[in-house]
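Data block below; observations after.
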Amino acid sequence: MCRSADVKQAVLARNDDLATTLRGDLARQGVTLVNLLSSPGSGKTELLGRVLAHAVERGTPVAALTADLATENDARRLARSGAPVQQVLTDGLCHLEARQVRTRLEGWLPADTAVLFVENVGNLVCPASYDLGETLRIVLMAVTEGEDKPLKYPTAFGSAHLVVVTKTDLAEAAGFDEDAFRTNVHRVNPGVEIVRSCARTGDGVDTLLERALAARVGAAPHDPPLAPRPHSHDHDHAVHETAGEAAHDHPAHPHPATTTAS
């Protein structure tokens, strides 16, 4: 009898194979994929719209896929930037998979694209386990969400190449303790860069685009402890799960945070 864990393992293994192939195909085309993860309401759509508009203004060819369970509202919002945008409707699925990204890109992605931004479904659980073929994984969190969120969702934050704190203009009103937040981020992902951003003021927009372009030309991204690993067999999965538990139960000593803003 097939166990549910075995089924999940097989699904993740198939996804990893597709993600690896997609990453190679995109690299040969000169495209870097940036995977954006966050909870609903973090402000990632508005911030991404600002990043896309900034790229268009400076003549950098970018494109975006945005995923949601229903409606094409986010695609319409992002299209105002002037960049090519496609909506992916997941029909209730709480995350994107590599096959969905590959299917949507076929016959659509402009040939000169330098950076493809993928706005994942608003969720910090399921999307964290699925490699989309990205070179850069960015996890975003608003100041209104609470400083302990990295500890509640260690797999998401522990797999990030870059962490972005959004809506910083509301930090004082929300009583956001930035020092505590940074300490918690570095407990699950030592040394990861943390960028402050605000879509309203444009703070951090240039930095996010620069980090994506740097990854495209070969700058080595931060190596997160819980980066997606190949799910080829049960042993690999067990090692990954054990590492996640260790990061949560026995966190590393905090590293000094790096603040970057435009």
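Note that the sequence shown ends on residue 263 in our numbering; no numbers are left out. Glycine is no exception: its CB is placed at the ideal position from the N, C-alpha and C atoms. As the structure is a prediction and not an experimental result, all values here were calculated from the model.
| Item | Value |
| --- | --- |
| Whole runs of the alpha helix (DSSP H) within the region 93 to 130, excluding any shorter than 4 residues | 99 to 106 |
| Assigned exposure category for G159 - 16 Cβ within 10 Å defines buried | buried |
| Coarse secondary structure for V165, derived from DSSP in three states | strand |
| Alpha-carbon spacing of A11 relative to D18, whole angstroms | 11 Å |
| Residue closest to A64, alpha-carbon to alpha-carbon, out of A213, G219, H223, A221 | A213 |
| Pair within 7 Å by beta-carbon distance, A200 and L48 | yes |
| Beta-ladder partner(s) of L137, from DSSP | V35 |
| Sub-7 Å separation of Q101 and V89 beta-carbons | yes |
| Limits of the unbroken beta strand (DSSP E) element including E148 | Careful: E148 lies outside any beta strand (DSSP E) and carries neither H nor E. |
| Residue from T22, A157, E98 whose Cα sits closest to the Cα of Y131 | E98 |
| Candidates R59, C127, R78, G108: closest to T91 by CA position | C127 |
| Inter-residue Cα distance where the pair is G60 and S43 | 28 Å |
| DSSP bridge partner residues for D170 (one or two, in chain order) | Bridge partners of D170: none, in fact. |
| Distance between beta carbons of L53 and K45, contact taken as under 8 Å | Between L53 and K45 the Cβ distance is about 12 Å, and since that is not below 8 Å, they are no contact. |
| Buried or exposed by the 16-neighbour rule on C-beta atoms within 10 Å, applied to R180 | Arg is not the amino acid found at residue 180; the sequence shown has Asp there. Label assigned to D180: exposed. |
| T184 (DSSP reduced to helix, strand or coil) | helix |
| Rounded straight-line distance, which links the Cα of K168 to that of L34 | 24 Å |
| Local Cβ density within 10 Å of E58, reported as buried at 16 or more and exposed below that | exposed |
| A157 and A112 closer than 7 Å at C-beta | no |
| Inter-residue Cα distance where the pair is E242 and N190 | Bear in mind that a pLDDT of 42 at E242, under 50, signals an unreliable position, so the number given afterwards is only what the model happens to contain. Going by the C-alpha atoms only, they are around 15 Å apart. |
| Cβ pair L23, G108 closer than 7 Å | no |
| DSSP three-state assignment for A65, whether helix, strand or coil | strand |
| Whether A175 touches V196 by CB criterion (7 Å) | no |
| Residue(s) in a DSSP beta bridge with V57 | DSSP lists no partner for V57. |
| Same chain, Cβ closer than 7 Å to G50, five either side skipped, listed in chain order | R78, L79, R81, S82 |
| Burial state of R29 (16 or more Cβ within 10 Å) | exposed |
| Cβ neighbours of G93 in the same chain (closer than 6 Å, five flanking residues each side left out) | L70 |
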